[in-house]
Structures are given as structure tokens and as C-alpha cells.
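Trainee:
So this is what it looks like as C-alpha cells:
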């Protein structure tokens with residue numbers, strides 16, 4: 001009996017270990033150049049960015065333009081179908097907890113390997129950050145990628161080049177980390193971003209028959225955040241990268257990045273739901289011409305329910321698993 005109990009315990013430990021890391025080596029691409037030069041860098045790291053994007057609301061619109069039908073027998077109005085789907089079951093405190101817990105674990109891991117953390121207050125003194133401003137972490141942002149809550153760790157600070165009137169935090173178009181590293185005496189600069197979209201949406205419309213529709217289905221994953229502020233398309237990939245030193249041009253002396261090969265599905269958090277909205281234009285007699293045409297415009301709000309505990313667990317495990325793989329590659333190259 002003791003042997004049976006021991007066997008069950010070992011199996012439980014193995015299963016628990018497998019569940020603890022929801023991101024595997026097969027799903028992450030490690031790339032870079034001059035990675036071995038990380039060993040020459042000081043045992044100091046500056047975490048320039050640690051941010052998590054949680055998708056909370058998605059909207060799509062399909063339209064068709066009215067006009068005379070074939071033969072001129074009638075006139076069809078325009079249609080506009082809008083679907084908005086919002087996440088239900090989790091809120092900002094949950095997002096903050098996931099971000100704080102994963103960040104603190106990340107920092108503790110780095111420190112356990114002998115790396116000193118350079119504070120943002122110290123880094124802000126370099127020439128590169130002369131016209132930047134310090135922002136406090138632990139405050140959510142809804143404008144960085146519309147539809148997503150952007151979260152930074154509580155008790156931290158980070159640098160921002162500029163902030164738009166709508167609150168979107170702007171940085172630079174080119175990779176700034178090599179120069180930052182150089183001005184921090186070749187310290188290793190780390191940037192980590194994670195994104196959790198929850199739904200896929202498709203639009204369809206036909207002017208010929210006068211209809212428009214929007215379809216959607218839940219699809220929760222670790223992947224990329226995408227949105228638009230009305231002027232520009234905004235995109236944030238999940239990635240963990242390490243940069244050290246400044247080489248020729250804008251390149252670094254050493255660069256190492258962990259990217260997802262493709263989005264990773266996180267099962268069992270949301271119900272498998274499909275949504276569909278449809279609008280058909282009303283037809284009017286031809287003699288009405290364009291004097292009076294009835295258009296239809298439907299805006300329907302839906303909610304995608306999730307399990308709060310499973311959401312927090314799944315996102316936490318995904319980030320921690322991703323970070324573990326990135327750090328493993330980093331330590332292999334950075335520790336002598």
C-alpha cells in the first residue's frame with residue numbers, strides 16, 4: 001500500500017509540474033546575435049519595460065451601401081451592423097495581481113542568480129532620457145491599445161517619451177535599448193511584454209443584396225494585442241528580450257529575444273461561445289426614389305463569461321512559463 005501511495009504522489013507531482021508551465025520550448029523561438037557577449041556585461045539589469053495587455057472589449061462593424069436593385073424595381077437602404085463583446089468575470093484587481101505576481105517572481109529569479117536591478121530613478125539620469133518623463137507603475141492604461149487594459153507592476157516606475165491627449169504612451173520607432181545600455185555602462189536592458197486576446201471577429205457585407213453581419217467566437221490565448229486609435233493601427237507582440245552594449249549603428253553588442261512561434265491557446269477559461277449579428281436593409285418601392293429610404297443600424301452588446309480563478313491561474317502560468325524559458329536561454333549565455 002505504501003508503494004501505491006508513493007507512486008500516486010509522484011504522479012501527482014509530475015502532473016502538477018506539467019500544469020505549472022503552460023508554455024513549452026516547442027512554442028517559443030529563441031533568437032539573437034552576439035549572445036555569448038552577455039557574459040562580458042556587468043551583472044546589472046535595467047527592466048525598461050514589463051507590461052501585460054489584457055483584452056477586455058472587442059468591437060467590429062460591417063456596412064453595406066444602399067441603392068437601386070437590379071431592374072430598378074425597388075431601392076434598398078444602407079445597413080450597418082456593429083457587435084461589441086466584453087469580458088465578464090474578471091476586473092482590474094485581477095489583472096493587477098497577475099502582473100504584480102509575475103513581475104515579482106521575475107525579479108526574484110534575477111536576483112537569485114546574482115543580478116543587481118537598476119532602478120528607473122537611477123536610469124532616468126542618463127542623457128537618453130533627458131526629455132522623457134517618469135510614470136508610476138500599478139496604474140492601468142486603456143489607451144495604449146484600444147480594447148485592452150495595459151498594466152504595469154505596482155511599486156515600479158517606467159519612462160515615457162510622450163503621452164497623447166487620449167492617454168496613449170508613446171516611445172520611439174527604433175529600438176532604443178542599445179543606447180540605453182551603453183549609457184548605463186553596458187548594463188543589460190530587459191523588455192517584457194505579454195498580451196492576452198480573448199476573441200476573434202469577422203465581418204461580412206453585400207451591397208447587392210443589402211445586408212451586413214458580424215460573427216465572433218471566443219478564443220483566449222497568449223499572443224498579440226492589436227487595435228486602432230482611429231489614426232494608427234497599434235500592435236504589441238508578446239516578447240521577452242535582453243540587450244547589452246551598443247554596436248555599429250543602432251545595433252547592440254549582444255541581443256537575445258524569446259518570441260512566440262504562434263499564439264498559444266489557453267483552454268478552459270472562457271465558455272466556447274459564438275456570436276452573430278445580422279442586418280438586412282428594408283426595400284422600398286422604386287417611386288420612393290431617394291426621397292425616403294429606411295436604413296438599419298444595429299448595435300448589440302454581448303458578454304463573454306470567464307471563470308475568474310481559471311483566468312488568473314492561466315495567465316499567471318503562461319507568463320511565468322514564458323519567462324522561465326526566456327531566462328533559461330539568458331542564463332545559459334550570460335552567466336560565466
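Residue numbers (full-length UniProt numbering): 1 to 336.
Glycine included, every Cβ here is placed at the ideal spot set by N, Cα and C.
At which residues does the beta strand (DSSP E) containing residue 321 begin and terminate?
Mentor: Run containing residue 321: none in the beta strand (DSSP E); it sits in the alpha helix (DSSP H), 308–334.
Trainee: Taking contact to mean at least 3 C-beta pairs separated by less than 8 Å, is the segment 128–144 in contact with the segment 187–194?
Mentor: Counting Cβ pairs under 8 Å, fewer than three are found: no touch.
Trainee: Pair every Cβ in the segment 40–49 with every Cβ in the segment 114–132, then say whether three or more of these pairs are closer than 8 Å.
Mentor: Cβ pair count under 8 Å is three or more, so yes.
Trainee: Note down, in chain order, each residue of its chain lying with its Cβ closer than 7 Å to the Cβ of residue 228, except the 5 sequence neighbours on either side.
Mentor: Here the set comprises 146, 234.
Trainee: Using 9 Å as the threshold, is the C-beta distance between residue 134 and residue 159 below it?
Mentor: Contact: yes.
Trainee: Should residue 123 and residue 180 be called a contact, given that it needs their Cβ atoms to be closer than 9 Å?
Mentor: Taking 9 Å as the Cβ cut-off, residue 123 and residue 180 qualify as a contacting pair.
Trainee: In terms of alpha-carbon separation, which member of 31, 37, 22, 23 lies closest to residue 246?
Mentor: Out of 31, 37, 22, 23, 37 has the C-alpha closest to the C-alpha of residue 246.
Trainee: Going by DSSP in three states, residue 403 sits in which element: helix, strand or coil?
Mentor: With the chain running from 1 to 336 in the structure shown, residue 403 is simply not present.
Trainee: Mapping DSSP to helix, strand and coil, what is residue 218?
Mentor: Here residue 218 sits in strand by DSSP.
Trainee: Could you give the first and the last residue of the continuous alpha helix (DSSP H) run that contains residue 181?
Mentor: 177–183 is the span of the alpha helix (DSSP H), which, as asked, contains residue 181.
Trainee: Please look up how many angstroms separate the CB atoms of residue 222 and residue 318, rounded, as I've assumed it's under 8 Å.
Mentor: The pair is a contact, with the Cβ atoms about 5 Å apart (cut-off 8 Å).
Trainee: Which same chain residues end up closer than 6 Å to residue 163 when comparing Cβ atoms and leaving out the 5 residues on each side of it in sequence?
Mentor: Closer than 6 Å at the Cβ level, and outside the excluded window around residue 163, lie 169.
Trainee: If you reduce the DSSP assignment to three classes, tell me which class residue 43 lands in.
Mentor: Looking at residue 43 - three-state DSSP - the assignment turns out to be coil, as it is neither helix nor strand.
Trainee: So the beta strand (DSSP E) residue 61 belongs to, where does it begin and stop?
Mentor: Taken as a continuous stretch (DSSP letters only), the beta strand (DSSP E) holding residue 61 covers 57–64.
Trainee: For residue 320, which of 130, 241, 106 has the nearest alpha-carbon?
Mentor: Considering only alpha carbons, the answer is 106.
Trainee: Would you call the CB atoms of residue 266 and residue 22 closer than 9 Å?
Mentor: Yes, these two residues count as a Cβ contact at 9 Å.
Trainee: Under the three-state reduction of DSSP, which class applies to residue 122: helix, strand or coil?
Mentor: Helix.
Trainee: Residue 137: which of 152, 315, 130 sits nearest, CA to CA?
Mentor: The candidate whose alpha carbon is nearest that of residue 137 is 152.
Trainee: Could you compute how far the alpha carbon of residue 306 sits from the alpha carbon of residue 220?
Mentor: Approximately 10 Å between the Cα atoms of the pair.
Trainee: Use the C-beta contact count for residue 188: other C-beta atoms within 10 angstroms, 16 or more gives buried, fewer gives exposed.
Mentor: Buried.
Trainee: Compare the Cα-Cα distances from residue 176 to each of 85, 274, 132 and report the closest residue.
Mentor: For residue 176, the nearest C-alpha among the options comes from 132.
Trainee: Within the same chain, show all residues whose beta-carbon is closer than 6 Å to that of residue 28, passing over the 5 residues directly before and after it, in chain order.
Mentor: Within the same chain, residue 28 has close Cβ partners 258, 325.
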